[in-house]
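The numbering of the sequence shown is the numbering used here, which starts it at 316 and goes up by one. For reference, the structure discussed in these notes is given below.
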Amino acid sequence: MMMEAHEFERTDAGFGWVINHMPTILWQRKWYVFGVFAIAAVAAVIAAYSLPTLYQSSATLLIESQELPNNVVDAPATGEIAQRIAKIRERVLSRGDLIALIEQYDLYASERRSKPLSVIIDKMRKATNVAALQGDVGTPTPGKNNLIALKMTFDYPDPVKAQEVLQSYASSFLRMDSDTVADQASLSVRFLQDQAGTLQGQLQPIESQITALKSRNGSALAMGGGTMIDTGTYSAQIFSLESQNRQLLADSKKPAGRNQQIAQAEAALSAAQAIYADSHPDVVAARERLKALRQSVPETIDPADNSAAQEQIRANNDAIAQLRAQREAALARAATAMAGQARAPVIQEQASQLESRASALRQQYNDVAANLMKAQATARMTGEQRAERLSLVEPPSLPDQPNWPNRPLLMGAGAAAGLVLGLLLALGVELLRRPLRSPVQIEGMGFPVLGIV
């Protein structure tokens, strides 16, 4: 008996008596439970049938990749598809476009009479949903386009208007996406064309400066060492012509009749002297013969021979003048070259700087030209609807069943909530009133327990 009493006291300690007497408590407090349950169930039924009915129209837009591979034609630089769609969504759901749709389809007619337009616009935005569908094959790759489609929905009490508004949304999405891609491709082409023209405008003056610098200082840039001035050829020719003139002038003053014989005798004497000494018999004989000819031939002058000599002298003088002019020109060129060589380091430094700038501009121009060709190909692909784009694969549907409210769910949730609240109310009343249901409660009041019936 002592053991059983100990177990009874431990079980009834604290709130244990509530658990032990739960069936009795629920039976005695059943009207609290049934009352709250009935009120909550009736309120759920009333709410389920009093809430406005909404129909949901849905459409699906497929994100199609470009038809040509990226190694053939680059995709338009329109950014990530998710960012592009987000920008289009903001434009489609802008205040002006929503006001135009509200007025076009006469949406929220009763609410517009009692509520501000800003409230109506916010309500329409909340009724519109644009969700991106990710690819479910494999693992999504960071940095790559994993979106495959867009799911668009619009909720409205009238199913026909819900379909019409969603059709307008889908058309706006398709049009704006196409315009965005086309505008971006066209903008890229114009930008690269302007950049190529700017680089050409910067490159042409530098190339002109390089050409002018080389043309003015070509000799100084071409010569690596000192300049050799050779005027001996001109001087030798001038000396030869002057000697010939002196000889012609001397010959013109001699008698004409003896010229040929005396010339032959003089030539024979010179040839003998070149071989033999002056005392040689041949030299002596040639000298005597020349002396005899000079004494025997009369002193007469041939006018024809004198005229020819004068003509030759004039020709020689003209050649001498030309040779002297050429020699002076060569000396002037040599002097210019010497002066240019003194400035050669400065000129070479200027030429090197200009060439470096020109090379950098040429490289930039080549890069821009290559990008321009790619941008033009991309613009053509965009114009032919072969770039990454949106396409309507599931047109807006005409809903035949309301999407909201879900009346069975609301009524079931209301009944469950009423049951839970009824149980909580019954337990609350039990804890507040604390009726005597256990000997422990009596002993806690200071009264001894005489027996349990």
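We put the CB at the ideal spot given by N, CA and C, even for glycine.
Exposed or buried, residue 425, counting other C-beta atoms within 10 Å across all chains shown (16 or more means buried)?
Exposed.
Any contact between the region 338-355 and the region 726-737? By contact I mean 3 or more CB pairs, one from each, below 8 Å.
Yes: the two stretches touch, three or more of their Cβ pairs being nearer than 8 Å.
Does DSSP classify residue 644 as helix, strand or coil?
Note: residue 644 maps to helix in three-state DSSP.
From the DSSP output, read off the bridge partner residues of residue 471.
Paired residues: 370.
Just to check my reading of the structure: residue 377 and residue 708 have Cβ atoms closer than 8 Å, yes? What is that Cβ distance to the nearest angstrom?
4 Å between Cβ atoms; contact.
Less than 8 Å between the CB atoms is what I'm expecting for residue 713 and residue 475, so what's the real figure, rounded?
Correct: roughly 7 Å between the Cβ atoms.
Terminal residues of the continuous alpha helix (DSSP H) containing residue 747?
Note, residue 747: alpha helix (DSSP H), 722-748.
I want to know whether the region 675-684 touches the region 425-442 - three or more CB-CB distances under 8 Å.
In short, these stretches do not touch, since the Cβ pair count stays below three.
I want to know whether the region 401-416 touches the region 491-508 - three or more CB-CB distances under 8 Å.
Short answer: they touch.
Per DSSP, which residues does residue 704 bridge with? Please list them.
For residue 704, which the question treats as bridged, DSSP gives the partners 379.
Mind checking which residues open and close the alpha helix (DSSP H) that includes residue 449?
No alpha helix (DSSP H) holds residue 449; the beta strand (DSSP E) holding it covers 443-449.
Three or more beta-carbon pairs under 8 Å between the region 597-606 and the region 661-680, yes or no?
No: fewer than three Cβ pairs fall under 8 Å.
For residue 371, count the other beta carbons within 10 Å of its own beta carbon; 16 or more makes it buried, fewer makes it exposed. Which is it?
By the 10 Å Cβ count, residue 371 comes out buried.
Relative to the C-alpha of residue 270, which candidate in 593, 716 and 504 has its C-alpha closest?
For residue 270 there is no data in the structure shown, the boundaries of the chain being 316 and 768.
Express the C-alpha separation of residue 650 and residue 627 in angstroms, rounding to a whole number.
Rounded to whole angstroms, residue 627 to residue 650 spans 34 Å at the Cα level.
Quick one: grab the DSSP three-state call for residue 408.
In the structure shown, residue 408 sits in coil (DSSP, three-state: anything other than H, G, I, E or B).
Given residue 580, which residues of its chain have a CB within under 6 Å of its CB, disregarding the five upstream and five downstream residues?
If we look at residue 580 and ignore the five residues flanking it on each side, its Cβ neighbours are 604, 605 and 608.
If we call anything under 7 Å between Cβ atoms a contact, is residue 367 one with residue 431?
No. Outside cutoff.
Using a Cβ-Cβ cut-off of 6 Å (strictly less than) and excluding sequence neighbours within five positions of residue 719, which residues of its own chain qualify?
369, listed in sequence order.
What is the DSSP secondary structure of residue 464, reduced to helix, strand or coil?
Residue 464: strand per DSSP, three-state reduction.
Check whether the Cβ atoms of residue 347 and residue 740 lie closer than 7 Å to each other.
Yes, the Cβ-Cβ distance between residue 347 and residue 740 is below 7 Å.
Return the Cβ separation of residue 466 and residue 373 in integer angstroms, given the expectation that the two are a contact with Cβ distance under 8 Å.
With a Cβ gap of about 7 Å, residue 466 and residue 373 count as contacting.
Could you check the C-alpha separation between residue 630 and residue 636 for me, to the nearest Å?
Cα to Cα, the separation comes out at about 10 Å.
Buried or exposed: residue 531, going by 16 or more other Cβ atoms within 10 Å of its Cβ?
Residue 531 is exposed by the Cβ-count criterion.
By the 10 Å Cβ neighbour count, where 16 or more other Cβ atoms means buried, how is residue 554 classified, buried or exposed?
When all chains shown are included, residue 554 counts as exposed.
Short of 7 Å in beta carbon distance, which residues of its chain neighbour residue 344, apart from the five on each side in sequence? Order them along the chain.
Only 741, 744 and 745 meet the Cβ criterion.
Inspect the beta-carbon positions of residue 624 and residue 563 and report whether they are closer than 7 Å.
Result yes, Cβ atoms of residue 624 and residue 563 sit closer than 7 Å.
For residue 724, count neighbouring Cβ atoms within 10 angstroms of its own Cβ and tell me buried if that reaches 16, exposed if not.
Exposed, by the Cβ-count rule.
Taking C-alpha atoms, which residue in 414, 660 and 641 lies nearest to residue 548?
Minimum Cα distance to residue 548 is reached at 641.
When you compare only the Cα positions, how much space is there between residue 411 and residue 449?
The alpha-carbon atoms of residue 411 and residue 449 are separated by roughly 31 Å.
Name, in chain order, the residues that DSSP records as bridge partners for residue 719.
According to DSSP, residue 719 bridges with 369.
So, at 7 Å on beta carbons, what are the nonlocal neighbours of residue 420 in its own chain, with the 5 sequence-adjacent residues on each side left out?
For residue 420, where only same-chain residues beyond five positions count, the Cβ hits under 7 Å are 476, 479 and 480.
Can the beta-carbon of residue 770 be found closer than 7 Å to that of residue 436?
Lying before the first or after the last residue shown, residue 770 is absent from the chain, which here runs from 316 to 768.
Could you tell me the distance, in whole angstroms, from the CA atom of residue 512 to the CA atom of residue 669?
Taking the straight line joining both Cα atoms gives about 20 Å.
With which residues is residue 709 paired in a DSSP beta bridge?
The partner list for residue 709 (beta bridge, DSSP) reads 375.
Classify residue 423 as helix, strand or coil using the three-state DSSP reduction.
Coil, per DSSP.
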